[in-house]
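Per my numbering, the very first residue in the sequence shown carries number 184; after that it's consecutive.
Where is the CB? At the ideal position from N, CA and C, for every residue including glycine.
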Amino acid sequence: MPKTPSNSSLIHVAPEMLKNIGLSEADSKTEAFLNVFSGTKVLENTKPYAMCYGGHQFGNWAGQLGDGRAINLTEIEHNNQNWAIQLKGAGETPYSRNADGLAVLRSSIREYLCSEAMHHLGVPTTRALSLLLSGDEVLRDVLYNGNPDYEKGAIVTRVAPSFLRFGSYEIFSARDDKKTLKTLVDYTIKHHFSHLGKPSKDVYVAFLKEVANRSLKMVIQWQRVGFVHGVMNTDNMSILGLTIDYGPYGWLEGYDPNWTPNTTDNTYKRYRYGMQPQIVLWNLLQLANAIYPLVEETKPLEAILNEYRNDLDVDYLKMMCSKLGFMSENKTDSILIKELEKNLQLSETDMTIFFRNLANLKKLEVRNWFKVVRESFYEPIEIADNIRLRWTDWFAKYAERLQSEDTTDEERKAKMNTVNPKYVLRNYMAQTAIDDANNGDYSTIDELYQLLKKPYDEQPDNKKWFVKRPEWARHKVGCSMLSCSS
Ligand code: AMP
Ligand code: MG
184 MPKTPSNSSL IHVAPEMLKN IGLSEADSKT EAFLNVFSGT KVLENTKPYA MCYGGHQFGN
244 WAGQLGDGRA INLTEIEHNN QNWAIQLKGA GETPYSRNAD GLAVLRSSIR EYLCSEAMHH
304 LGVPTTRALS LLLSGDEVLR DVLYNGNPDY EKGAIVTRVA PSFLRFGSYE IFSARDDKKT
364 LKTLVDYTIK HHFSHLGKPS KDVYVAFLKE VANRSLKMVI QWQRVGFVHG VMNTDNMSIL
424 GLTIDYGPYG WLEGYDPNWT PNTTDNTYKR YRYGMQPQIV LWNLLQLANA IYPLVEETKP
484 LEAILNEYRN DLDVDYLKMM CSKLGFMSEN KTDSILIKEL EKNLQLSETD MTIFFRNLAN
544 LKKLEVRNWF KVVRESFYEP IEIADNIRLR WTDWFAKYAE RLQSEDTTDE ERKAKMNTVN
604 PKYVLRNYMA QTAIDDANNG DYSTIDELYQ LLKKPYDEQP DNKKWFVKRP EWARHKVGCS
664 MLSCSS
């Protein structure tokens with residue numbers, strides 16, 4: 184059962200999600216709404232529950248974990264879609280272990296804003312419905328360095344067709360509990376993959392194949408927008424291929440495949456940007472192992488993992504070609520893309536600004552390339568600089584490649600602007616909303632929420648958010664340095 188908060192108040196609601204589950208904005212202003220989504224009152228005829236799951240954390244089997252601070256309130260069917268509704272931060276559950284089951288305002292704002300922003304970017308994700316203050320204080324050691332302090336407690340309501348994770352299956356396999364494993368996989372297929380047909384060995388294989396496909400689609404989208412999840416443990420991998428559990432995530436500012444926002448992962452950087460697609464594969468291997476007892480054959484499972492490798496290359500190339508404004512893929516495009524990825528690291532280059540502004544290049548005016556992308560460089564690049572020469576070289580090849588496209592500059596720009604966002608939730612932006620909220624000003628949360636509903640639009644009034652990371656945010660806690668404390 185959720186804990187009753189001492190003095191809850193609503194900070195923000197997401198009108199789209201309200202509508203999806205059949206509620207209106209007027210509903211969200213009622214006391215009943217506040218009572219239900221703060222965990223004060225349990226809806227009649229419902230039985231809230233927390234889920235048991237296990238997981239591989241940072242490459243090691245961590246045993247049983249479970250919803251330590253997430254409580255599923257109920258499920259709602261609306262317009263033929265089933266939604267599970269979950270409170271995060273509403274107190275202890277049977278899986279809280281030694282922790283309090285609560286969440287702080289900073290991490291709740293981050294989850295709330297980012298999950299909605301991801302949805303509007305076109306990335307599969309769990310959604311957010313509401314953000315509330317609990318009125319209670321929560322003790323946290325932000326950087327795990329012996330400096331605990333009290334922070335405002337908050338509760339986010341998350342919504343998704345299902346919150347099942349890879350770890351939900353791993354736990355029963357680890358316990359040699361084939362019966363419950365089968366019950367859960369059959370349930371998942373029946374409710375979420377019914378098009379695959381009645382459960383059988385072949386259908387279990389098809390199930391893994393579809394989870395692999397969905398997870399690949401998800402991670403390719405992460406790479407496209409520069410999102411770094413930060414904790415891709417198998418308990419944080421949705422069986423539906425949704426981005427789930429927004430913890431120490433971050434957004435690439437300077438393009439850097441080795442970057443991770445998660446300070447807990449600083450040593451090995453297992454979950455760095457450039458590794459994410461490989462980690463999905465590693466996680467799929469764990470899922471394949473987990474359902475193996477139902478299939479009892481390794482070959483078809485291995486085949487799926489091998490296909491993932493091939494599909495990854497194909498889909499990644501496709502995605503990068505779309506970022507570059509190519510309507511189809513050429514044999515030599517992967518070389519051009521590899522060179523681009525190297526060049527982006529010659530000096531710190533803002534990923535979002537680079538790709539967005541690249542669309543302004545005119546096919547026959549490649550000599551202007553520097554003017555077009557200049558804004559994306561964090562440090563000045565002089566004319567005679569070797570870096571500048573290497574870019575000139577790359578742009579010459581890029582312009583030549585563009586000649587083989589039939590599209591006009593205008594058409595290409597329009598197309599590129601649908602895949603290269605103008606606005607993402609830069610790390611410092613979320614932190615600005617958090618700092619303001621901690622001072623009692625919630626207007627920045629709404630400002631960012633509105634901005635990120637249309638991330639591909641120009642939004643001339645919002646230009647102030649289309650800038651490189653300000654220097655103050657380079658090493659600031661909460662911006663480039665995050666831990667799992669939340
Ligand atoms: P995460 O790293 O957020 O995915 O969490 C890993 C595990 O720790 C999950 O099982 C969470 O439910 C649990 N957990 C994290 N924070 C808390 C908390 N404050 N209280 C209870 N459980 C927690
Ligand atoms: Mg988690």
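Residues that residue i bridges to, as DSSP identifies them
i      : result
GLY237 : GLN247
HIS195 : LEU314
ARG453 : DSSP lists no partner for ARG453.
TYR232 : ASN255
PHE702 : The question about residue 702 has no answer here: the residues shown for the chain are numbered 184 through 669.
ILE676 : Absent from the model: residue 676. The displayed extent of the chain is 184 to 669, so no value can be given.
MET664 : VAL660
THR337 : Reading off the sequence, residue 337 comes out as Ala, not Thr. According to DSSP, ALA337 bridges with ALA286 and LEU316.
ALA620 : Answer is none; ALA620 lacks a bridge partner.
ASN445 : LEU665
THR426 : THR308 and MET420
GLY437 : ASP533
ARG348 : SER421
ALA582 : DSSP output for ALA582 lists no bridge partner at all.
Reference residue i; option with closest CA among the options
i      : options                           : result
SER191 : THR309, ILE338, GLU294 and GLY205 : ILE338
THR340 : MET664, TRP266, LYS501 and ASP319 : TRP266
ILE422 : THR590, VAL325, SER298 and LEU347 : LEU347
VAL660 : ALA486, GLN614 and SER669         : GLN614
VAL549 : ARG573, ALA582, SER559 and ILE194 : ALA582
SER668 : HIS195, GLU479, VAL321 and LEU316 : VAL321
ASP439 : LEU364, MET401 and THR535         : THR535
GLY222 : VAL196, LYS271 and HIS658         : LYS271
SER161 : LEU399, GLY380, ARG323 and ASP568 : No answer is possible for residue 161: it lies beyond the span of the chain, which begins at 184 and ends at 669.
PHE578 : GLU641, SER587 and TRP552         : TRP552
THR591 : LEU547, LEU608 and ASP568         : LEU547
VAL650 : ASP640, ILE628, ASN622 and VAL607 : VAL607
ILE194 : GLU299, LYS230, LEU399 and SER317 : SER317
GLU588 : ASN513, PRO331 and ARG453         : ASN513
GLN404 : PRO307, SER559, THR187 and ALA273 : PRO307
LYS521 : GLY430, ALA215, LYS580 and ASN540 : LYS580
SER559 : SER189, ILE566, VAL463 and LEU541 : LEU541
ASP332 : GLU480, ASN445 and VAL287         : VAL287
Euclidean distance between Cα positions of residue i and residue j
i      : j      : result
VAL414 : HIS239 : 11 Å
ASP359 : CYS235 : 15 Å
PHE390 : LEU226 : 34 Å
GLY249 : GLU353 : 12 Å
GLU490 : PRO198 : 40 Å
ASN203 : ILE268 : 12 Å
LEU326 : ILE474 : 37 Å
ILE564 : THR532 : 11 Å
TYR611 : ALA656 : 6 Å
HIS261 : GLY205 : 6 Å
PRO604 : ASP516 : 22 Å
LEU631 : LEU296 : 8 Å
ASP494 : ASP618 : 42 Å
ASP319 : PHE220 : 15 Å
ALA357 : GLY237 : 9 Å
LEU364 : PHE355 : 5 Å
TRP465 : MET301 : 24 Å
GLU275 : SER345 : 21 Å
ARG492 : ASP498 : 10 Å
GLN406 : TYR456 : 7 Å
ASN396 : GLN459 : 15 Å
LYS230 : ARG595 : 52 Å
ASN472 : GLU393 : 16 Å
GLU294 : ALA311 : 8 Å
SER530 : ASN263 : 50 Å
THR257 : ASN330 : 38 Å
LEU488 : ASN543 : 39 Å
LYS647 : ALA282 : 40 Å
ILE566 : LYS554 : 12 Å
Closer than 7 Å: residue i CB and nearest the ligand FMN heavy atom
i      : result
ASP448 : Because the ligand FMN does not appear in the structure shown, any question about it cannot be addressed here, the ligands present being the ligand AMP and the ligand MG.
8 Å contact criterion, which residue i and residue j should meet: CB distance rounded
i      : j      : result
LEU304 : PRO638 : 5 Å
LEU519 : ARG584 : 6 Å
LEU425 : MET401 : 7 Å
VAL556 : VAL478 : Going by Cβ atoms, the distance from VAL556 to VAL478 rounds to 50 Å, so no, they are not a contact pair.
SER505 : VAL602 : 5 Å
THR575 : ILE427 : In fact, because the Cβ distance is near 43 Å, the residues do not count as touching under 8 Å.
PRO431 : ASN441 : Not really, about 16 Å apart at Cβ, beyond 8 Å.
CB contact check: residue i to chain B, cutoff 8 Å
i      : result
ILE259 : Of the chains in the structure shown, none is chain B; there is only one protein chain.
Checklist entry - At what residue ranges does the region 284 to 334 contain a whole run of the alpha helix (DSSP H), taking only runs of 4 or more? => result With a minimum length of 4 residues, the continuous alpha helix (DSSP H) runs that stay inside the region 284 to 334 are 288 to 304.
Next on the checklist: Extract the residue ranges of the alpha helix (DSSP H) inside the region 361 to 413, only unbroken runs of 4 or more that lie entirely within it.
Outcome noted: You should have 361 to 375 and 384 to 408.
Item to check | Segments assigned alpha helix (DSSP H), at least 4 residues, entirely inside the region 466 to 538 | outcome: Counting only runs of 4 or more, we get 482 to 507 and 516 to 526.
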